[in-house]
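The sequence shown begins at 36 in my numbering and counts up one residue at a time. Don't be surprised by glycine CBs; every beta carbon is placed ideally from N, CA and C.
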Amino acid sequence: MSFESEFTFCMHGAGLPTPAEALTSAEEVLHFLEEFHNAAEVAGGTDVTLTALEAAGFTGLGTVAAEAGAVTAAAYAGAVAGCLLAATGSTVWDLLAQTGTDQNPAVVHDVVVAANDAGVAVPSEFAVA
């Protein structure tokens with residue numbers, strides 16, 4: 036199965052919409068998460084709902100299904116990070132190491148939390164993120 040298929044299957048399995056634009060690589064998902072976090076902060080923080088995020092002008096989700104509109108930005112970002120981890124496995128750490136200080140700390144935090152939740156070992160350089 037391709038990265039895109041694995042990621043989409045995971046998101047739909049969680050009952051959540053995938054981003055509006057097809058994300059075919061882990062790099063694209065990391066970029067989406069960074070844009071998502073930036074939009075959430077502008078809209079009031081990660082406690083805002085996906086509906087509120089859309090109302091604030093974020094178009095990266097396309098049209099959110101009514102049942103997913105009440106999901107908070109924090110929960111959605113966590114699901115995206117979890118599905119990224121599920122689709123990439125341990126190679127996500129190599130990607131994060133390559134992006135280094137250019138990577139949004141909130142994105143790294145999402146991936147670390149998702150790894151901890153899944154019982155996946157987190158390399159020491161990311162363990163405190």
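With 16 other Cβ atoms within 10 Å as the buried cut-off, status of Met-36:
For this step, residue 36 is matched to residue 1 along the sequence shown. Exposed is the call here.
Considering only C-alpha positions, which residue in the set Asp-82, Val-115, Gly-80 is nearest to Leu-96?
Here residue 96 corresponds to residue number 61 of the sequence shown, with the count starting at 1. Of the candidates Asp-82, Val-115, Gly-80, the one whose C-alpha sits nearest the C-alpha of Leu-96 is Val-115.
Grab me the residues of Cys-45's own chain with a C-beta within less than 6 Å of its C-beta, minus the 5 sequence neighbours each way, in chain order.
As a first step, residue 45 is located in the sequence shown; it is residue number 10 there, counting from the start. Excluding sequence neighbours, Cys-45 sits near Cys-118, Ala-121.
Rounded to whole angstroms, what's the CA-CA distance from Gln-133 to Gly-80? Just pull it up for me.
Looking up residue 133 in the sequence shown gives position 98. Looking up residue 80 in the sequence shown gives position 45. C-alpha separation (whole angstroms): 27 Å.
On the DSSP bridge assignment, give the partners of Thr-84 in chain order.
Counting from 1 along the sequence shown, the entry for residue 84 is found at position 49. The partner list for Thr-84 (beta bridge, DSSP) reads Thr-107.
Using DSSP with H/G/I as helix, E/B as strand and the rest coil, what is Gly-79?
The residue given as residue 79 occupies position 44 in the sequence shown. Note: Gly-79 maps to coil in three-state DSSP.
Would you identify the three-state DSSP class for Pro-140, choosing helix, strand or coil?
As a position in the sequence shown, residue 140 is number 105, starting the count at 1. Correct three-state label for Pro-140: helix.
Buried or exposed for His-47, going by 16 or more other Cβ atoms inside 10 Å?
Here residue 47 corresponds to residue number 12 of the sequence shown, with the count starting at 1. Exposed, by the Cβ-count rule.
Are the region 66-73 and the region 141-150 touching, with three or more C-beta to C-beta distances below 8 Å?
yes
Are the CB atoms of Phe-38 and Ala-57 nearer to each other than 8 Å?
For the purposes of this step, residue 38 is identified with residue 3 of the sequence shown, where counting begins at 1. For the purposes of this step, residue 57 is identified with residue 22 of the sequence shown, where counting begins at 1. No, the pair does not count as a contact, with Cβ atoms beyond the cut-off.
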